[in-house]
Amino acid sequence: MLHAAAMLCGFIALWLLTTQRLTSVQDAVVAVIAALICVVLATRLGGVSGAFARSPRALYGVVSRLGSVLAGATATIRSALAADVTLKPALVRIRTRGRGDERAAFADLLSAAPGMAVVETDAEGFLVHVLNEDDVDAADLGRLERVAGAQEPRS
9 MLHAAAMLCG FIALWLLTTQ RLTSVQDAVV AVIAALICVV LATRLGGVSG
59 AFARSPRALY GVVSRLGSVL AGATATIRSA LAADVTLKPA LVRIRTRGRG
109 DERAAFADLL SAAPGMAVVE TDAEGFLVHV LNEDDVDAAD LGRLERVAGA
159 QEPRS
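Using our numbering, you'd call the opening residue of the sequence shown number 9 and step up by one each time.
Below, the structure written as structure tokens:
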């Protein structure tokens, strides 16, 4: 995904630098269309992984969790300033269903949550350090894993 985004931005910049034209909206549109054509060709020829196609869902997951992440960060800061912190830090084992890019997206979403940090990954799941063991909810983690793109187990 990052390769495709970087390639798109690079092609737009290259187009604008070589043509030396950015006097109207049409010039910018032509640059974007030319860059998109190049990225699509690179995708079809194997230059971009399948993560590029899954990037809108991952972006949606990050944006949809932004409010809860900010609320958690605010609550953590408020507790720290009030000095009435009652934490139960622990290491929690989380088993995952996803493979490859889905696991990486899930680990990224977990580490973005206030009070959680992925410490170690293995073939079965993650070892996550949490600041409050009582706040870990399996249902929330399952929903978060589905947002990251993991498939439901097949029966």
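By construction, the Cβ of each residue, glycine as well, lies at the ideal position given by its N, Cα and C atoms.
Per DSSP, Gly-106 has no beta bridge partner at all.
Here the alpha carbon of Ala-81 sits roughly 8 Å from the alpha carbon of Ala-121.
Cβ atoms of Gly-123 and Val-138 come within 8 Å of each other, at about 6 Å. When the alpha-carbon of Arg-103 is set against those of Thr-94, Phe-114, Leu-95 and Asp-109, the nearest one is in Phe-114. Around the C-beta of Gly-18, fewer than 16 other C-beta atoms lie within 10 Å, and the residue is accordingly described as exposed.
Counting only unbroken stretches of 4 or more residues, the alpha helix (DSSP H) elements lying wholly within the stretch 30-93 are 33-52, 59-72 and 74-90, in sequence order. Using a Cβ distance threshold of 8 Å, Arg-65 and Leu-117 do not count as a contacting pair.
Only residues of its own chain outside the window of five on either side were considered, and among them Leu-95, Lys-96 and Gly-123 have a CB closer than 7 Å to the CB of Asn-140, listed in chain order. Per DSSP, Gly-133 is not a residue of any alpha helix (DSSP H); the beta strand (DSSP E) it occupies stretches across 133-138. The C-beta of Gly-133 has 16 or more other C-beta atoms within 10 Å across all chains shown, which makes the residue buried.
Taking a C-beta distance under 8 Å as the contact criterion, Leu-30 and Leu-22 do not qualify as a contact pair.
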